[in-house]
Structure formats: structure tokens, C-alpha cells
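S.K.: I'd like to ask you about the structure that follows.
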Amino acid sequence: MPEGHSIHRLARRHRRLLAGRPVAVSSPQGRFAEAAATIDGQVLTSTDAWGKHLFHRYDDLWVHVHLGLFGRFGDGRGEPPEARGALRMRLVVDDAWADLRGPTACELMDDSGRAALLDRLGPDPLRPDADPSPAVAKVVRSRRTVGDLLLDQSVLAGVGNVYRAEVLFRHGVDPFTPGRDLDPGVVEAMWHDLVVLMEAGVSAGRIVTTEPEDRERPAGRARRVDSSYVYGRAGLPCRRCRSIVRRAELGARTVFWCPVCQA
DNA sequence: ATAATATGGTGAT
DNA sequence: TCACCCTATTATC
């Protein structure tokens, strides 16, 4: 679920569903209870996202949420369902609600705390004003592998394991290539591709990185699209060249690639 | 019933 | 490089 596109989609959804009205904030599970009491009843004035970080603004404070690998938001119109399980944060307005479970981070912070956090993040392809040049410069100067660099949120923010594998495939780049061995033009092209792919991900609510001509199963009602080239396809034939897709550990995460298309 | 898995990240060694 | 945190769902016994 949660790469940058999911977080931007949540920011947009929470803005529409919850913003502009007083919010009843609670933490049935208890781990966010004290902070929840501080902002309970205040108006949610805005929402924002940077990379995989989500922010809710209340007066002069922010709620910062990072879903991590397991975190999820659910929501709905009308009355919230009975609270069950480990419900870290519940937001309720007059006609809607949202529930947060399993986040890595759910905390209250002020402007300086938020600034310090954003200071550690690289540019986010989903922010309209993003400047890719520092990210490109870091990649082409580094001896680390490009697969490692793409997941480093201080290089660029929002890319996760799926977009990493897919953008490398789409540009024919071996994940184990040192960043400094790449042409800056290729890195820049990958950035612009990520902008397109991730914006599509925000709209669709899921990751689709394949071009229509590479899909065996086309988009259609009640039919699942072939959404990825290599992610999760180890042992299966490459959609372009039929070579067997490989998997390996890279930076404590599993990377997938085609040994022929990404030679 | 228990284990394995997952699109993430931190802090210690 | 490892241990660990967070939760739900699916697979395996």
C-alpha cells in the first residue's frame, strides 16, 4: 500500500472528508491518547504530504503520520463503526470518520519539528514545485548502487520498493549499477517518469507502471490489469523479452529485475 | 494454532 | 548488518 502516491491520496481524501470542521480526535488503543486530548475538538485546517509523510494541521500544531510498512487508514461517511483492534487514532467529524492503525509514527509536532523532519527529505516527485536537481546530483556522485539510492528518502522522497523496481526496468537500468556510473540524463529521465507514474498512482489509488502494449490482461471491467513489469514477478518471464525475472536483497529490501532488459 | 509475508524506518553494533 | 517496531491477511500445519 504505502508508497508516496498513497500518502498524497490520503492527504487529498482527508482534506475533502474532514477539513474545515471540528474533529473529535481519540486513541482507543491509548498510544496516542495524550496528544489526541490536546487537539480534540479543534478544526483540522489543512492536510499535506511530503514523500511518505502525512500531515494534519490543527491551529499551530501538526499531527505527523508515517504509515511504515503496516500502517493503514480507513474511513467512511456517517457514524464510525465500533472501535476494535489496535486503533491508534480515530478522527470523527459530523458526517465522516477516519481510523488509523499500525503506523510507524503518529505524533504531534510544531512548525520547527516539521521543518526539521522535512529537512531530512529529498525532493518529492509528487510536489508540483519539486526540484529534481539535488537528487540527480546526489545519485551521479555516489558510489552506492542506484537501487539503494532510490530508496533513500534523503535523496528523493516517496519512492518505495515497487516504484524502485519498476522505474529501473522502464529505463533499462541494472539496480546494482553505482550511481556515479549513470548518465545524468538517464537519472533525470527516471525522475520525470516517476512524476508521471506516481501521479497516475494518486489518481488510480494503486500502482500501475506497465504500458498497455506490454499487458497480457488489458484494463477492463472486473479484470485485473498486469500492473508491474518486475516487482513481485521473480521466476516469471519478463513481459518484454521472456527472460526469467530475478530477485535479490538490496539495501535490506527485495529487488526484482530482468537480467536482459536491465543489463 | 502458528508462521510467513508485506509497497518502511530507526537505532545499536 | 542486525534487531526491532508496527498490524492484518494469507498460507501452512
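First residue of the first sequence: 66, per the working numbering; consecutive thereafter.
Cβ coordinates follow ideal geometry from the N, Cα and C atoms, glycine included.
1) Residues bridged to Thr319 by DSSP?
2) Measuring CB to CB, does Val325 end up less than 8 Å from Arg312?
3) If you compare alpha carbons, which of Gly136, Gly300 and Gly141 is closest to Leu152?
4) Starting from His79 and walking both ways along the alpha helix (DSSP H), at which residues does that stretch end?
5) Does the distance from the CB of Pro249 to the CB of Val211 come in under 8 Å?
6) Does DSSP classify Val157 as helix, strand or coil?
7) How many Å lie between Ala269 and Arg166 at the Cα?
8) Kindly confirm or deny that the stretch 214-234 and the stretch 183-203 touch, where touching means at least three C-beta pairs closer than 8 Å.
9) Between which residues of its own chain and Val267 is the CB-CB distance below 6 Å, once the five residues before and five after are set aside?
10) For the alpha helix (DSSP H) holding Ala112, just list the boundary residues, first then last.
11) Assuming Glu68 and Val227 make a contact with CB atoms under 8 Å, what is their CB distance in whole Å?
12) Is the Cβ-Cβ distance between His118 and Leu182 less than 8 Å?
M.R.: Let me lay it out:
1) Glu314
2) no
3) Gly136
4) Gly69 to Leu83
5) no
6) strand
7) 23 Å
8) yes
9) His70, His73 and Arg74
10) According to the sequence shown, residue 112 is Thr rather than Ala. Run containing Thr112: none in the alpha helix (DSSP H); it sits in the beta strand (DSSP E), Leu109 to Trp115.
11) 6 Å
12) yes
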